[in-house]
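First residue of the sequence shown: 4, per the working numbering; consecutive thereafter.
Don't be surprised by glycine CBs; every beta carbon is placed ideally from N, CA and C.
These numbers were taken from a predicted model, which means no experiment stands behind them.
Structure, as structure tokens:
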Amino acid sequence: MSNIIEHKYNIGDTVYIVASKSNPIKTECKLCNGSGQVEIKQSIWKCPSCKGKKTKIEPNFERIPMKCTVRGIWIGKQEDWTSLNYDLVNTNGVRKRAKELKIFSCIEDVERQIDKEREKRENS
Ligand SMILES: [Zn+2]
4 MSNIIEHKYN IGDTVYIVAS KSNPIKTECK LCNGSGQVEI KQSIWKCPSC KGKKTKIEPN
64 FERIPMKCTV RGIWIGKQED WTSLNYDLVN TNGVRKRAKE LKIFSCIEDV ERQIDKEREK
124 RENS
């Protein structure tokens, strides 16, 4: 048995991963139709749903490509190649960790992956 572990990427390589970006959506409050008020028994009250703010903020996560540099490679507990993990750092200096299967060598591949995930969500 060989002790050599095959890895696709090397330290210093530029790679891409799929990242989540919080992009909340502001929508008009459905309860008060964006007026911030509701009428209850002929009295006007502050809308209990939006608290008078007229809008509601819905959480929404956008999937985006993130460019990273490989800083380290390490093996997970199971001794198979799928548990090969990478320490990455993005262009803002934020550390990330990803399995080899979740890493792409070019932006076109990561964009294809994002499209694939989107199609999967839309079809389910
Ligand atoms: Zn409201």
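Note down the Cα distance separating residue i from residue j, rounded to an integer number of angstroms.
{"i": "Lys59", "j": "Asn36", "result": "11 Å"}
{"i": "Lys99", "j": "Lys33", "result": "39 Å"}
{"i": "Trp48", "j": "Ile28", "result": "25 Å"}
{"i": "Lys209", "j": "Val41", "result": "Given that the chain is displayed from residue 4 to residue 127, the structure contains no residue 209 and the question cannot be resolved."}
{"i": "Ile76", "j": "Asp118", "result": "28 Å"}
{"i": "Met79", "j": "Lys11", "result": "Note that residue 79 is Gly in the sequence shown here, rather than Met. Their backbone Cα atoms lie some 16 Å apart in a straight line."}
{"i": "Val21", "j": "Arg121", "result": "12 Å"}
{"i": "Ile14", "j": "Gly39", "result": "55 Å"}
{"i": "Thr30", "j": "Glu125", "result": "21 Å"}
{"i": "Cys50", "j": "Ser25", "result": "26 Å"}
{"i": "Lys123", "j": "Glu9", "result": "30 Å"}
Under a Cβ-count criterion, where at least 16 other Cβ atoms within 10 Å of its own Cβ denotes burial, should residue i be classed as buried or exposed?
{"i": "Val113", "result": "buried"}
{"i": "Val97", "result": "exposed"}
{"i": "Phe64", "result": "exposed"}
{"i": "Leu104", "result": "exposed"}
{"i": "Trp84", "result": "Because the pLDDT of Trp84 is 49, which lies under 50, any placement of that residue in the model is unreliable, and the number read from its coordinates should be weighed accordingly. Trp84 comes out exposed."}
Helix, strand or coil: how does DSSP classify residue i here?
{"i": "Asp112", "result": "helix"}
{"i": "Ser46", "result": "strand"}
{"i": "Ser25", "result": "strand"}
{"i": "Trp84", "result": "The predicted model places Trp84 with a pLDDT of 49, which falls under 50 and marks its position as unreliable, so this point remains unresolved."}
{"i": "Lys119", "result": "helix"}
{"i": "Asn128", "result": "Residue 128 lies beyond the residue range present for the chain, which begins at 4 and ends at 127; the question has no answer from this structure."}
{"i": "Glu103", "result": "helix"}
{"i": "Glu31", "result": "strand"}
{"i": "Ile93", "result": "Strictly speaking, residue 93 in this sequence is Asn, with Ile absent from that position. Here Asn93 sits in strand by DSSP."}
Between residue i and the rest of its own chain, which residues show a CB-CB distance below 7 Å, the 5 nearest in sequence each way excluded?
{"i": "Thr17", "result": "Lys70 and Thr72"}
Can you give me the Cβ contacts of residue i inside the same chain, cut-off strictly under 8 Å, excluding the 5 residues immediately before and after it?
{"i": "Tyr19", "result": "Pro68, Met69, Lys70, Cys71, Ile106, Phe107, Ser108, Cys109, Ile110, Asp112 and Val113"}
{"i": "Val92", "result": "Cys71, Thr72, Arg74, Arg98 and Lys99"}
{"i": "Cys53", "result": "Cys32, Leu34, Cys35, Gly39 and Lys59"}
Worksheet item: Residues with a Cβ closer than 5 Å to any heavy atom of ligand 1, in chain order?
Response: Cys32, Leu34, Cys35, Cys50, Ser52 and Cys53
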